[in-house]
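Colleague: Everything in the sequence shown is counted per the working numbering, starting at 1 for the first residue and increasing by one. One structure, pasted below without further comment.
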Amino acid sequence: MPKISLQTKLGFNLNLTPLLKNSIKLLSMPYVELLSEVNQALENNMLLTENQTKTTESSYYSRNQEEVISQISSKPSLFSSLESQLRNANLTTLQHNIAQIIFENITEKGFLEVDIAFIARIFIKKHSQQTIDNQDCEQVRQYIQNNFEPLGVASLSVQDFLLLQLNQQSNIKHKSLFVQLLLAQIDLDAISPKQRNQFLALIKTLSKTPVDNFDNNADRQYIQTDIAIEKEGENWHIHLRTLPSIAINKKYLSLRAHIQDKTLFNEHLMAARSLISFLSYRNQFLQLITKELIVKQTQALTKGLKYLTPLTQKQLAIELNIGESTLSRLIKNRYMDTPIGTIRIKDLFSSNVGNYASKSVQQIIKSIIQRETKPLSDQKITNLLIQKNINISRRTVTKYRKTLNIPCAKYRKLAL
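In structure tokens form, the structure reads like this:
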């Protein structure tokens, strides 16, 4: 297993041949698609053979194979889906434990069937050494409601769920009025017939239960990771999900001299050599990229994406002496198992705001809003960030808040 020192300095220069460039689409293929492509090549190209003696699966993937197969063959339940998302959530240990209790009390329709005070009492009963209050539990519930799939899971009621959906929509005329109607602060008879019809039409477009959204996506494919990384002490271990080890079939290659029309034979031979070379390059690329990401993003890979270091794809491509487009294709649609859960490799790249990664700043903004007792304006959030030595403009805070699908202070206040 590779051992990586934090002082490792990598450099690698690969020049793709014209034949490999014709197979450039393979670069962005995730594992399942590429595996299908290799198996198809083995079936259709007589000059390719699988080298059984060299095909050894990573110990990581070997010991997890049974679990992977079972997850692929069965549709994920709501609870298992929430559990999976929790492993990659930016929550403290205390908040994780609260989330677990919330999950245990979510109905099949996705609503929280007990009140927040009950969640707090159960937590204290299970963790008598820790003290929490209702607000701690409510913050976790709102985090789950706004950030987990399906959207709105752990909502307290249909009204609460409808309000969440309404607040996340933009460019709705009379939005403030409709929020008041949902909160029963004004009566339907108090508005004009036209507004009443608009309100009722809007309500018809909204989902009535959180699992409506979950059911629409329940058949999505299980994510197959291409890479897994593990940390043991100071050492990191990299595991690549292996593809069939292929080689030129020497038996058929020896027939070349006896073939009069060698055109088709040569085409098959070039295609076989191209695929073999490509798979070799792919593995080297993925190893190099993973090693450098471990070096540069150790904090994020052990503590959470909140601790990302500013790093762009262009910067890493320059350091590894590879093309930025090649790097982009290689990490596209590719996932990695890490100590913080399964993540997209592209999520380890981020532009910077001062000395902070932009995605890290987004997580800090999210944390500030989750802890607020009174909704803070974007300007007040900006001031808090500046106090933390994060030089950022109010406009950028607004942009990041919208990226996180968090409503403005005005509508967060209405939701309280």
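The beta carbon of each residue, even a glycine, is placed where N, CA and C say it ideally should be. Note that the structure is a prediction, hence the values are computed from the model and not measured.
Output needed for R394: all residues of its chain with C-beta closer than 7 Å, excluding positions within five of it in sequence on either side, in chain order.
Modeller: As a working note, residue 394 is residue 394 in the sequence shown. If the five residues before and after R394 are omitted, its C-beta is found closer than 7 Å to the C-beta atoms of D378, Q379 and T382, all from its own chain and listed in chain order.
Colleague: Mind checking who G323 pairs with in its DSSP beta bridge?
Modeller: By one-based count along the sequence shown, residue 323 stands at place 323. Bridge partners of G323: none, in fact.
Colleague: Measure the alpha-carbon distance for V211 versus I106 and round it to whole angstroms.
Modeller: Along the sequence shown, one-based indexing puts residue 211 at 211. Along the sequence shown, one-based indexing puts residue 106 at 106. If you take the alpha carbons of V211 and I106, they lie about 11 Å apart.
Colleague: Would you check if the distance between the CB atom of L47 and the CB atom of L269 is smaller than 8 Å?
Modeller: Along the sequence shown, read from residue 1 onward, the residue named residue 47 stands at position 47. Along the sequence shown, read from residue 1 onward, the residue named residue 269 stands at position 269. Yes, the Cβ-Cβ distance between L47 and L269 is below 8 Å.
Colleague: Use the C-beta contact count for N103: other C-beta atoms within 10 angstroms, 16 or more gives buried, fewer gives exposed.
Modeller: On the sequence shown, position 103 is the one that residue 103 refers to. Note that residue 103 corresponds to Phe in the displayed sequence, not to Asn. Result: buried.
Colleague: Taking N90 as the reference, give the member of V361, T131 and I386 with the closest Cα.
Modeller: In the sequence shown, residue 90 corresponds to position 90, counting from 1. Out of V361, T131 and I386, V361 has the C-alpha closest to the C-alpha of N90.
Colleague: Grouping DSSP H, G and I as helix and E and B as strand, with all else coil, what is V397?
Modeller: If you number the sequence shown from 1, residue 397 lands on position 397. Helix.
Colleague: Output the boundary residues of the alpha helix (DSSP H) element that contains I238.
Modeller: Against the sequence shown, residue 238 aligns to sequence position 238. Careful: I238 lies outside any alpha helix (DSSP H), inside the beta strand (DSSP E) at N235 to L240.
Colleague: Pick from N389, T93 and F278: whose alpha carbon is nearest that of V38?
Modeller: Here residue 38 refers to the residue found at position 38 when the sequence shown is read from its first residue. V38 has its Cα closest to that of F278, out of N389, T93 and F278.
Colleague: Return the chain-ordered ranges of every beta strand (DSSP E) run that is complete within the segment 241-275 and spans a minimum of 3 residues.
Modeller: 246-248
Colleague: Checking the sheet assignment: what are the DSSP bridge partners for K231?
Modeller: Working through the sequence shown from its first residue, we reach residue 231 at position 231. BP columns for K231 point to W236.
Colleague: Kindly indicate which three-state DSSP category R87 falls into: helix, strand or coil?
Modeller: One-based indexing of the sequence shown puts residue 87 at position 87. Residue state for R87 is assigned as coil, using DSSP reduced to three classes.
Colleague: Under the rule that 16 or more other beta-carbon atoms within 10 Å means buried, what is N405, buried or exposed?
Modeller: Position 405 of the sequence shown, counted from the first residue, corresponds to residue 405. That one is exposed.
Colleague: Among D187, T312 and S207, whose alpha-carbon lies nearest the alpha-carbon of Y164?
Modeller: Locating residue 164 in the sequence shown gives position 164, where the first residue counts as 1. Per the sequence shown, the amino acid found at residue 164 is Leu instead of Tyr. Looking at the Cα atoms, S207 is the closest of the given residues.
Colleague: Helix, strand or coil for R424 per DSSP?
Modeller: The requested residue 424 does not occur in the structure, where the chain is confined to residues 1 to 416.
Colleague: If we count Cβ pairs, one from each stretch, closer than 8 Å, do we get three or more for the segment 247-260 versus the segment 286-294?
Modeller: no
Colleague: Measure the C-alpha to C-alpha separation of I229 and Q284 and round it to an integer number of angstroms.
Modeller: Position 229 of the sequence shown, counted from the start, is the residue given in the question as residue 229. Position 284 of the sequence shown, counted from the start, is the residue given in the question as residue 284. Distance between the alpha carbons of I229 and Q284 is about 16 Å.
Colleague: DSSP state of R412, grouped into three classes?
Modeller: Position 412 of the sequence shown, counting from 1, holds the residue named residue 412. Helix at R412.
Colleague: Cβ atoms of L385 and I392: under 8 Å apart, would you say?
Modeller: The residue given as residue 392 occupies position 392 in the sequence shown. The residue given as residue 385 occupies position 385 in the sequence shown. Yes; because the gap between Cβ atoms is below 8 Å, this pair is in contact.
Colleague: How is the beta strand (DSSP E) around E372 delimited, first residue to last?
Modeller: In the sequence shown, counting from the first residue as 1, residue 372 sits at position 372. Neither: E372 is in no beta strand (DSSP E) and is coded neither H nor E.
Colleague: How would you call K402, buried or exposed, if buried means at least 16 neighbouring beta carbons within 10 angstroms?
Modeller: Along the sequence shown, one-based indexing puts residue 402 at 402. K402 should be labelled exposed.
Colleague: Checking the sheet assignment: what are the DSSP bridge partners for R344?
Modeller: On the sequence shown, residue 344 is found 344 positions in, with the first residue counted as 1. Per DSSP, Y335.
Colleague: Pairs of beta-carbons, one from the segment 81-90 and one from the segment 127-135, closer than 8 Å: are there three or more?
Modeller: no
Colleague: For L112 versus S155, is the C-beta distance shorter than 8 Å?
Modeller: Mapped onto the sequence shown, residue 112 falls at position 112. Mapped onto the sequence shown, residue 155 falls at position 155. It is a contact, given that the beta carbons lie within the stated cut-off.
Colleague: With DSSP as the reference, please indicate the residues paired to T49 in a beta bridge.
Modeller: For the purposes of this step, residue 49 is identified with residue 49 of the sequence shown, where counting begins at 1. A247.
Colleague: Since I101 sits in a beta bridge, which residues does DSSP pair it with?
Modeller: The count along the sequence shown starts at 1 and reaches residue 101 at position 101. None; I101 has no bridge partner.
Colleague: Quick one: what does DSSP say I106 is sitting in, helix, strand or coil?
Modeller: Locating residue 106 in the sequence shown gives position 106, where the first residue counts as 1. I106 falls in the strand class under three-state DSSP.
Colleague: For Q145 and M29, I'd like the C-alpha separation in whole angstroms.
Modeller: Locating residue 145 in the sequence shown gives position 145, where the first residue counts as 1. Locating residue 29 in the sequence shown gives position 29, where the first residue counts as 1. Approximately 33 Å between the Cα atoms of the pair.
Colleague: Note the first and the last residue of the continuous alpha helix (DSSP H) segment covering Y307.
Modeller: On the sequence shown, residue 307 is found 307 positions in, with the first residue counted as 1. Membership of Y307 in any alpha helix (DSSP H) is not indicated, and neither H nor E is assigned to it by DSSP.
Colleague: Below 8 Å between beta carbons: does that hold for T396 and A247?
Modeller: For the purposes of this step, residue 396 is identified with residue 396 of the sequence shown, where counting begins at 1. For the purposes of this step, residue 247 is identified with residue 247 of the sequence shown, where counting begins at 1. Cβ distance not < 8 Å, so T396 and A247 don't count as in contact.
Colleague: Is S155 helix, strand or coil when you go by DSSP?
Modeller: In the sequence shown, the residue the question calls residue 155 occupies position 155. Of the three classes helix, strand and coil, the one that applies to S155 here is strand, per DSSP.
Colleague: Helix, strand or coil for F111? Go by DSSP, reduced to three states.
Modeller: Stepping through the sequence shown from its first residue, residue 111 is reached at position 111. In this structure, F111 counts as strand in the three-state DSSP scheme.
Colleague: DSSP state of Q139, grouped into three classes?
Modeller: Position 139 of the sequence shown, counting from 1, holds the residue named residue 139. Helix.
Colleague: Which same chain residues end up closer than 6 Å to Y356 when comparing Cβ atoms and leaving out the 5 residues on each side of it in sequence?
Modeller: Within the sequence shown, numbered from 1, the residue matching residue 356 stands at position 356. Excluding sequence neighbours, Y356 sits near I390.
Colleague: What three-state label does DSSP hand T92 in the structure shown?
Modeller: As a working mapping, residue 92 is identified with position 92 in the sequence shown. Coil.
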